[in-house]
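Trainee: For the sequence shown, the working numbering begins at 415 and goes up steadily by one.
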Amino acid sequence: MNKSSASFQPLHFAHKHPEEMVDQSARFYDQMRTRRTVRHFSQRPIPMEVVENALRAAGTAPSGANRQPWHFVVITEPDLKAQIRTAAEREEQAFYGGRAPDEWLDALAPLGTDEHKPFLEEAPCLIAIFLKRYGTDRDGARQKNYYAMESVGIATGLLIASLHLSGLATLTHTPSPMQFLHALLERPEEERPYLLLVVGYPQDDAQVPQISRRAMEEFTQFR
Ligand code: IYR
C-alpha cells in the first residue's frame with residue numbers, strides 16, 4: 415500500500431447558513447446538557463432499533479488510518495447479564511474492600527457508588543465495548559491499528575450522545591479490572607474490554623448526584 419492506492423470521490427459537503435449553524439449548535443448543547451449518568455435503571459424494555467441506530471452512529475467515528483478498531487457486544491439475555499453482574503461485583507468487592515487507594519475512594523464518595531451493581535441485571539441492555547489492538551488484512555496477516563484508544567473513545571462518545579438524544583439513559587461502567595468480559599463474551603485475543611455501557615430508562619424515582627459542570631470559558635482558551 416502506498417499513495418498510488420488512494421482513490422477519491424466528491425465530498426458533497428452540506429453548507430448551512432450561519433444562523434442555522436448557530437441554532438443547531440445551541441440545540442445540540444441544550445440537549446446534551448440534560449444528559450446525566452444514571453445508576454438506577456428501570457426494567458422496562460427499550461426499542462432495540464434505537465440501539466442499532468446509535469451503533470450505526472458510533473461506527474461513523476473517525477479512526478486512525480480508518481481501521482475502525484472497535485467491536486460492540488449488545489447483551490440483553492438475562493442469563494448473560496446475571497453472569498456479568500456476578501463477575502463485576504466480585505471485582506468491585508475487591509476494589510472497594512481494599513484494592514482501591516483511599517484517595518480514589520475519597521474521589522468516588524460524592525457519587526455514592528459501592529460494590530453492588532444491580533443495574534447490570536435490571537437494565538434491559540448492556541453494551542460491552544472492545545478495542546481491537548490489531549486487525550487482520552485480506553491475507554490474514556496481522557495489521558497494526560493506530561490511535562485505537564482515541565478512536566474507540568470517540569465512537570463511544572457518539573454512541574452515548576445518540577442514545578441520549580433518542581431518549582435513553584446510560585451509565586459508563588468500568589468494573590476494574592474488566593478482563594472477565596473478554597472471557598465471558600468469548601472475544602478474540604486481539605481485543606481488550608474498553609467500557610461497559612449500561613442502557614435503559616431510569617427508574618421513576620431515580621436520583622443523581624448533585625454535581626456541576628465547569629463553564630466552557632473555564633476549560634477553553636481562545637487565542
Ligand atoms: N469501577 C468502580 C469504581 C468507579 C470508578 C470511577 I473513576 C467512577 O467514576 C465511578 C466508579 C464502580 O463502578 O463502582
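Where a beta carbon is used, it is the ideal one built from N, C-alpha and C, also for glycine.
1. Please state whether the Cβ-Cβ distance between R504 and K531 is less than 8 Å.
2. Give the DSSP-derived three-state secondary structure of V488 in the structure shown.
3. By how many angstroms is the C-alpha of R637 removed from the C-alpha of V487?
4. Measuring only the C-alpha atoms, how far is H596 from P432?
5. With distances taken from CA atoms, which of P515, C539, D493, V436 is nearest S456?
6. From H429 to T634, what does the alpha carbon distance come to, in whole angstroms?
7. Determine, using beta carbons only, whether V452 and L579 come nearer to each other than 8 Å.
8. Starting from H578, trace the alpha helix (DSSP H) both ways and give me its first and last residue.
9. Using the C-alpha atoms, what's the distance from S626 back to I568?
10. Less than 7 Å between the CB of F509 and some heavy atom of the ligand IYR, yes or no?
11. Only counting runs of 4 or more residues, tell me where the alpha helix (DSSP H) segments fall wholly within the region 454 to 530, in order along the chain.
12. Of all the options A620, E631, A629, M630, which has the alpha carbon lying nearest to the alpha carbon of R450?
Mentor: If we stick to the structure as given:
1. The Cβ-Cβ distance between R504 and K531 does not fall below 8 Å.
2. Residue state, collapsed to three classes: strand.
3. Distance between the alpha carbons of V487 and R637: 42 Å.
4. C-alpha separation (whole angstroms): 47 Å.
5. Residue nearest to S456 within the set P515, C539, D493, V436 is C539 (criterion: CA-CA distance).
6. The straight-line gap separating the alpha-carbon atoms of H429 and T634 is approximately 26 Å.
7. For V452 and L579, no; Cβs fall outside 8 Å.
8. Bounds of the alpha helix (DSSP H) holding H578 are 562 to 579.
9. Roughly 23 Å between the two C-alpha positions.
10. For the ligand IYR, at least one heavy atom lies less than 7 Å from the Cβ of F509.
11. List check, alpha helix (DSSP H) in window: 462 to 472, 492 to 508, 516 to 522.
12. Shortest Cα-Cα distance from R450 to any of A620, E631, A629, M630 involves A620.
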